[in-house]
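Enquirer: A single structure is presented below for examination.
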Amino acid sequence: MATVITRPVIEMPPVQHPDPSPLDHNDLLGVRIGEPFRVPFLKRFGVDTQLGTLWLGTWGILSVMLFVAGLGVQFLAGVTAMNGDILSYLHYFANIQLLPPDGLGPAKSLSAGGFWQINVLLWAGSVLCWAGRCYERLMRYQWRPYLFFAWLSAILLTATIWVFRPLLMGTWAEAPAMGLNGDLDWAQNFSVLWGNLYYNPWHMLAIFFLFGSTMLWGMHGATILATSAEGSHHEVAEIKDMHSGSHKSMLFWRWVMGFNANPKTIHDWIWWFSVGVVVSSAIGIITTGTFVNDWYVWGVDHGIVAQYGDMTRDAVNQRPVPMDVNVITGMPRP
Amino acid sequence: MNMKRLLGPLVIVCTLALAGIAQPLLDTARAASPDKPITGNNSPLGVGHFDRNPAAAEKGYGPVDQTVPMDFSTQNANVPKNYVPGKLYNVQVLKKYTYATLLNQMNYYTQSLGVQCTYCHNVQNFAYDTGTKKIARTMQIMSNEVASGWVDPVKHDYPNYSVSGAVGCVTCHRGAPRMGVKWNIVPVAYLDYKAKTTKQAGYVVNSMYSAAKSLGVNCLFCHNTADFVSLQYYPTNKIAHRMWAMVDKINHEYLPANVKAVTCYTCHQGAKWPQALVTAGLDQTPVEAHASHPEVHENPGAHLASGAAH
Amino acid sequence: MLEFEAVYRKPGNTLFRHLLGTDPFDWWAGRYYVGLWGVVSMLFTLIGVAVLFTAVGQYGDWDLWRANVHAPLRTYGLGFAPFLDGGAWAVVVICATGAFVSWLLREIDICRKLEMGYHVPLMFGFAISAWVTLQIIRPLWMGCWCEGFDLSFTGHLTWVSNTGFRYQNFYLNPFHALGVTGFFLTAMVLAMHGSAILGTYNTSKNPVQEEANVDNFWRDYIGYSIGEYGIHWLGFWLAIFTLVVSDLCILTSGTIFYDWVEFWQFQHLPAFWLH
Chain A
1008 MATVITRPVI EMPPVQHPDP SPLDHNDLLG VRIGEPFRVP FLKRFGVDTQ LGTLWLGTWG
1068 ILSVMLFVAG LGVQFLAGVT AMNGDILSYL HYFANIQLLP PDGLGPAKSL SAGGFWQINV
1128 LLWAGSVLCW AGRCYERLMR YQWRPYLFFA WLSAILLTAT IWVFRPLLMG TWAEAPAMGL
1188 NGDLDWAQNF SVLWGNLYYN PWHMLAIFFL FGSTMLWGMH GATILATSAE GSHHEVAEIK
1248 DMHSGSHKSM LFWRWVMGFN ANPKTIHDWI WWFSVGVVVS SAIGIITTGT FVNDWYVWGV
1308 DHGIVAQYGD MTRDAVNQRP VPMDVNVITG MPRP
Chain B
13 MNMKRLLGPL VIVCTLALAG IAQPLLDTAR AASPDKPITG NNSPLGVGHF DRNPAAAEKG
73 YGPVDQTVPM DFSTQNANVP KNYVPGKLYN VQVLKKYTYA TLLNQMNYYT QSLGVQCTYC
133 HNVQNFAYDT GTKKIARTMQ IMSNEVASGW VDPVKHDYPN YSVSGAVGCV TCHRGAPRMG
193 VKWNIVPVAY LDYKAKTTKQ AGYVVNSMYS AAKSLGVNCL FCHNTADFVS LQYYPTNKIA
253 HRMWAMVDKI NHEYLPANVK AVTCYTCHQG AKWPQALVTA GLDQTPVEAH ASHPEVHENP
313 GAHLASGAAH
Chain C
72 MLEFEAVYRK PGNTLFRHLL GTDPFDWWAG RYYVGLWGVV SMLFTLIGVA VLFTAVGQYG
132 DWDLWRANVH APLRTYGLGF APFLDGGAWA VVVICATGAF VSWLLREIDI CRKLEMGYHV
192 PLMFGFAISA WVTLQIIRPL WMGCWCEGFD LSFTGHLTWV SNTGFRYQNF YLNPFHALGV
252 TGFFLTAMVL AMHGSAILGT YNTSKNPVQE EANVDNFWRD YIGYSIGEYG IHWLGFWLAI
312 FTLVVSDLCI LTSGTIFYDW VEFWQFQHLP AFWLH
């Protein structure tokens, strides 16, 4: 019986597989860097011990450069806001937030949202270039582009939060601030302002997929570990030709809950569950404030939640409030 | 058994234990410096809003310098050049008092602020208007306004709260002429949520945390979390909105321009109802929030979600 | 029955048989394995569901979203509550916990029958720990069964909402943050694993070459390939990590910490380099 914790790994010299297709001359930067080497420490976990080598490629280099530039802008903006005091910057690192500008146009100044807009552009470019790198590698290996579409769906959620919904709402102020606490605060404020997000059915669905993804990883990971003594973890081979490990994996769930996947379909399940998280989240975000103003009222209208009081809104006041805001603290100036 | 396998659980347990030890230590540290501004909800630098320039705030404060000669050109006609003890001059607000009862009131001032007569008066001429005396007069007008215009109506509108205390100097001052600034809040106009973006809602959320800490409560004291933005569920919510407007009025009409420093904490100081009236010997009945639903503060969903059952 | 199933269907090797020498329920019903613990689990389930429906019938709201069996009122503390004031909730919670644990023991029986590792029951145990923490351990620690969540769709949403705001800002709960990170990380790693398998199977005549391609791809893409075994190891422990920090997240709220904003105030004490 395999142990729960780990599994012996056979010591092997590092391997370097040849590139599967000889089209590299299209990309001047399309080279592998370094030599592969092994980290024996990783052996104790039962994971692969080989590190490297990494493929460079134009898309990847662009992506990393844009990402690092975004980090630099983030650092620069934070230090600027702390009057150049790097110690204060470190002290308040988690709380420093680059707030988005009000309105849809370009920000009036760097500190009043300009840094935020630059960073959105830089990091959007970064993730899109990474998608390019992903697609390029997948095509080189002649794989089906599942990974590419999974990454695109992740970008979809991010872009919905940071770009699409603010565009629909007509102000960048709907997007989260940049900073460690920025997204936490945004989640809290967003839920409070647009009614109770728990009554958003797409949010429900996203939570279902999110918890379901963890549950599926628990089930699939545990099943494969439990039967890996009989080789069930060689999944691409098992899809073609099943052996006792996969048999036991399937029979276990068949006997437990009357239903089982097989080595191929379990990966359909997990792919769609994980993609479902971001897709249903994106729908839940894009509808909030644009089509549905208040999810509690929506929930009452659709019989999801009991009506606790009357639906009249107190304190409705369309008067715009002049805002002069400290972009780092997130509090209005006196 | 390989002892190294215990490392993971050990790290988790130690983290938890450290966090558990840290909280009382922090409480102690905070108790040692109660006036240190503790900032609002996830906005550590939020002290800036009502913060003031300490140097500017010093002007016009502190005991009257008795050595400075009096300048009657700045005074009104009621201030006598030849002051006679035992007579009343230049009384603009406390007109209902006789000389003896006025002395009682002055005693109340000194006890409330923990100061001597010289803090406001030139002892050569008690009628002479010094800087602090002018502020004291404004504060008395403000106190009357707060009591009659804001607190008494609340008491009248919500008789279930059985509040019978009165507002006085000691409500906020509590034996000190100046108080620390703590738990800053935004002006009441910001609370009108429909005008807001998600970003602007954040300032309100920060201020709401300040208000909650000022009263020693959590969000559930005033809000039905199922329908957070509505004021209609709990009277505490409506009262809080009125009190918030009062704070704005105090800051903008009564306080000097450099001391826009009043927050919920100024009066409440961590209690649901300001308790300092007790020290002034005035009557005050403790408040039980949500008298009709005593469980509501702890578990507000209980009586709502099970509404069908009862 | 699957074509290879007959080989694996053999009686014996169950927990109960080891203890008492016999197991009266060591047989299959259709595709399900029954086993003693299956019967126990079903009994718990039947009792729990019957009590649940009885209580809902008494409360009178059969709406799918709002049918609610609420936790005991605060006045009862840790004591017994009348049936409609929370007694029904307590019975359902006990039955559900019993059913979950019996289900876990049934999984152990099946693992023994198939001569597999006990990873799945272990993982299920961690999943049960979330339920037990929410409904039993934390209410016990806080001294009131009213701390458990109502058994209904809307009721548990209301509970989540109230609990979050009760400790001012739950997003600043570090265990909550780690838990959310864990949930999203599992989703991401899951997508990467699923994409790798679905993207590569049957792309060549030689499965060994396909597996080598998976390693090769990840080394090209991110510089490291964790391996066929390693990816399942990673997913397994990510899921356990997520569940453990989620347990801590709710267990520490209201018991050790009352204000997750204040929890972070240590960073506003004067900086050490100013001393």
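Residue numbers (this note's numbering), protein chains in the order written: chain A, 1008 to 1341; chain B, 13 to 322; chain C, 72 to 346. Glycine included, every Cβ here is placed at the ideal spot set by N, Cα and C. No experiment lies behind these values; they were computed from the predicted model shown.
Would you say residue 319(C) and residue 257(C) are within 8 angstroms of each other, going by their C-beta atoms?
Expert: Position 248 of the third sequence, counted from the first residue, corresponds to residue 319(C). Position 186 of the third sequence, counted from the first residue, corresponds to residue 257(C). The answer is no: Cβ separation not under 8 angstroms.
Enquirer: So residue 1180(A) contacts chain B; which residues on that side make the cut at Cβ distance below 8 angstroms?
Expert: Residue mapping note: residue 1180(A) aligns to position 173 of the first sequence, counting from 1. Result: 209, 210, 211 and 212.
Enquirer: Could you compute how far the alpha carbon of residue 347(C) sits from the alpha carbon of residue 1126(A)?
Expert: The structure shown does not extend to residue 347(C), since chain C is modelled only from 72 to 346, so the question has no answer here.
Enquirer: Please report the residue range of the alpha helix (DSSP H) in which residue 131(B) lies.
Expert: Start at 1 with the first residue of the second sequence, and residue 131(B) comes out as number 119. Premise fails: residue 131(B) is in no alpha helix (DSSP H) and is neither H nor E.
Enquirer: Would you say residue 1172(A) lies against chain C (beta-carbon separation less than 8 angstroms)?
Expert: Position 165 of the first sequence holds residue 1172(A). Taking Cβ atoms only, chain C never reaches closer than 8 angstroms to residue 1172(A), which makes this a no.
Enquirer: Would you list the one or two residues that DSSP bridges to residue 25(B)?
Expert: Walking along the second sequence from the start, residue 25(B) turns up at place 13. None; residue 25(B) has no bridge partner.
Enquirer: Would residue 84(B) count as contacting chain A if we go by Cβ distances under 8 angstroms?
Expert: Here the question's residue 84(B) lines up with position 72 in the second sequence. So no, residue 84(B) is outside the interface.
Enquirer: What does DSSP give as the partner residues of residue 140(C) in its beta bridges?
Expert: Along the third sequence, one-based indexing puts residue 140(C) at 69. Residue 140(C) pairs with 222(C).
Enquirer: So the candidates are 1059(A), 1295(A) and 1142(A); which of them puts its Cα closest to the Cα of residue 1046(A)?
Expert: Position 39 of the first sequence, counted from the start, is the residue given in the question as residue 1046(A). For the residues 1059(A), 1295(A) and 1142(A), the minimum Cα distance to residue 1046(A) belongs to 1059(A).
Enquirer: Pick helix, strand or coil for residue 151(B), following the three-state DSSP scheme.
Expert: For the purposes of this step, residue 151(B) is identified with residue 139 of the second sequence, where counting begins at 1. Residue 151(B): helix per DSSP, three-state reduction.
Enquirer: Residues of chain B with CB closer than 8 angstroms to the CB of residue 1312(A), please, in chain order.
Expert: Sequence index remark: in the first sequence, residue 1312(A) carries index 305 (1-based). For residue 1312(A), the residues of chain B that pass the 8 angstroms Cβ criterion are 238, in the order they occur in the chain.
Enquirer: Would you say residue 221(B) lies against chain C (beta-carbon separation less than 8 angstroms)?
Expert: Residue numbering aside, residue 221(B) sits at position 209 when the second sequence is read from its first letter. It does: the Cβ of residue 221(B) has a partner Cβ on chain C nearer than 8 angstroms.
Enquirer: Relative to the C-alpha of residue 1281(A), which residue among 1223(A), 1247(A) and 1270(A) is closest?
Expert: On the first sequence, residue 1281(A) is found 274 positions in, with the first residue counted as 1. Answer by Cα proximity: 1223(A).
Enquirer: Do residue 222(C) and residue 279(C) come within 8 angstroms of each other at the CB atom, strictly closer than that value?
Expert: Residue mapping note: residue 279(C) aligns to position 208 of the third sequence, counting from 1. Residue mapping note: residue 222(C) aligns to position 151 of the third sequence, counting from 1. Not a contact, by the Cβ cut-off of 8 angstroms.
Enquirer: Look up residue 267(B) in the DSSP assignment and say whether it is helix, strand or coil.
Expert: Position 255 of the second sequence, counted from the start, is the residue given in the question as residue 267(B). In this structure, residue 267(B) counts as coil in the three-state DSSP scheme.
Enquirer: Would you mind stating whether residue 219(C) and residue 167(C) have Cβ atoms separated by less than 8 angstroms?
Expert: Sequence index remark: in the third sequence, residue 219(C) carries index 148 (1-based). Sequence index remark: in the third sequence, residue 167(C) carries index 96 (1-based). Not in contact: residue 219(C) and residue 167(C) (Cβ atoms no closer than 8 angstroms).
Enquirer: So the alpha helix (DSSP H) residue 261(B) belongs to, where does it begin and stop?
Expert: Here residue 261(B) corresponds to residue number 249 of the second sequence, with the count starting at 1. Segment 247 to 261, the alpha helix (DSSP H) holding residue 261(B).
Enquirer: Quick test of the definition: if touching needs 3 or more C-beta pairs under 8 angstroms, does the segment 1098 to 1109 of chain A touch the segment 1117 to 1132 of chain A?
Expert: The segment 1098 to 1109 of chain A vs the segment 1117 to 1132 of chain A: in contact.
Enquirer: Please identify the residue among 172(B), 114(B) and 17(B) whose C-alpha is closest to the C-alpha of residue 139(B).
Expert: In the second sequence, counting from the first residue as 1, residue 139(B) sits at position 127. Closest option to residue 139(B), Cα to Cα, is 114(B).
Enquirer: By the 10 Å Cβ neighbour count, where 16 or more other Cβ atoms means buried, how is residue 117(B) classified, buried or exposed?
Expert: What you label residue 117(B) is simply residue 105 of the second sequence in a count that begins at 1. By the neighbour-count rule (16 or more Cβ atoms within 10 Å), residue 117(B) is not buried but exposed.
Enquirer: Comparing the C-beta of residue 1320(A) with each C-beta of chain B, is any distance below 8 angstroms?
Expert: Within the first sequence, the letter at position 313 stands for residue 1320(A). Only weak support is given to the placement of residue 1320(A): the predicted model assigns it a pLDDT of 43, under 50, and the question is left unresolved by the model.
Enquirer: What's the gap between the Cα of residue 1155(A) and the Cα of residue 1115(A)?
Expert: By one-based count along the first sequence, residue 1155(A) stands at place 148. By one-based count along the first sequence, residue 1115(A) stands at place 108. Approximately 37 angstroms between the Cα atoms of the pair.
Enquirer: For a cutoff of 8 angstroms on Cβ pairs, would you count residue 315(C) as touching chain B?
Expert: Counting from 1 along the third sequence, the entry for residue 315(C) is found at position 244. Closer than 8 angstroms: yes.
Enquirer: What does residue 230(B) reach in chain C if we use C-beta pairs closer than 9 angstroms?
Expert: Numbered from 1 along the second sequence, position 218 holds the residue referred to as residue 230(B). Within chain C, the C-beta atoms nearer than 9 angstroms to that of residue 230(B) come from 236, 237, 238, 239, 329 and 330, in chain order.
Enquirer: If you draw a straight line from the C-alpha of residue 1040(A) to the C-alpha of residue 1065(A), how long is it?
Expert: Taking the first residue of the first sequence as 1, we reach residue 1040(A) at position 33. Taking the first residue of the first sequence as 1, we reach residue 1065(A) at position 58. Taking the straight line joining both Cα atoms gives about 13 angstroms.
Enquirer: At a CB-CB cut-off below 9 angstroms, which residues of chain B make contact with residue 1197(A)?
Expert: Looking up residue 1197(A) in the first sequence gives position 190. Under the 9 angstroms cutoff, chain B gives 210 and 213.
Enquirer: What's the call for residue 26(B), buried or exposed, on a 16-neighbour Cβ count within 10 Å?
Expert: Along the second sequence, read from residue 1 onward, the residue named residue 26(B) stands at position 14. So residue 26(B) counts as exposed.
Enquirer: Among 313(C), 330(C), 170(C) and 72(C), which residue has its Cα nearest to the Cα of residue 194(C)?
Expert: By 1-based counting over the third sequence, the position of residue 194(C) is 123. Comparing Cα-Cα distances from residue 194(C) to each of 313(C), 330(C), 170(C) and 72(C), the minimum goes to 313(C).
Enquirer: Go ahead and pull the three-state DSSP assignment for residue 202(B).
Expert: Counted from its first residue, the second sequence places residue 202(B) at position 190. If DSSP states are grouped into helix, strand and coil, residue 202(B) belongs with the helices.
Enquirer: If contact is defined by three or more beta carbon pairs under 8 angstroms, each pair taking one atom from either stretch, is the segment 1174 to 1183 of chain A in contact with the segment 1087 to 1101 of chain A?
Expert: no
Enquirer: Which word fits residue 1233(A), buried or exposed, when buried means at least 16 other C-beta atoms lie within 10 angstroms of its C-beta?
Expert: In the first sequence, the residue the question calls residue 1233(A) occupies position 226. Classification for residue 1233(A): buried.
Enquirer: Between which two residues does the alpha helix (DSSP H) carrying residue 1259(A) extend?
Expert: Locating residue 1259(A) in the first sequence gives position 252, counting from the first residue. Here the alpha helix (DSSP H) through residue 1259(A) covers 1251 to 1264.
Enquirer: Taking all protein chains shown into account, decide if residue 1206(A) is buried (16 or more other Cβ within 10 angstroms of its Cβ) or exposed.
Expert: Counted from its first residue, the first sequence places residue 1206(A) at position 199. Counting the other CB atoms within 10 Å of its CB gives residue 1206(A) a total of 16 or more, which places it among the buried residues.
Enquirer: Going by alpha carbons, who is nearest to residue 190(B) out of 198(B), 181(B), 196(B) and 197(B)?
Expert: Residue 190(B) sits at position 178 when you count from the first residue of the second sequence. Out of 198(B), 181(B), 196(B) and 197(B), 181(B) has the C-alpha closest to the C-alpha of residue 190(B).
Enquirer: Quick one: which chain B residues come within Cβ less than 7 angstroms of residue 1303(A)?
Expert: In the first sequence, counting from the first residue as 1, residue 1303(A) sits at position 296. For residue 1303(A), the C-beta contacts it makes with chain B under 7 angstroms involve 238 and 239, in order along the chain.
Enquirer: Would you decide whether residue 79(B) is buried or exposed? Buried here means 16 or more other CB atoms lie within 10 Å of its CB.
Expert: In the second sequence, counting from the first residue as 1, residue 79(B) sits at position 67. By the neighbour-count rule (16 or more Cβ atoms within 10 Å), residue 79(B) is not buried but exposed.
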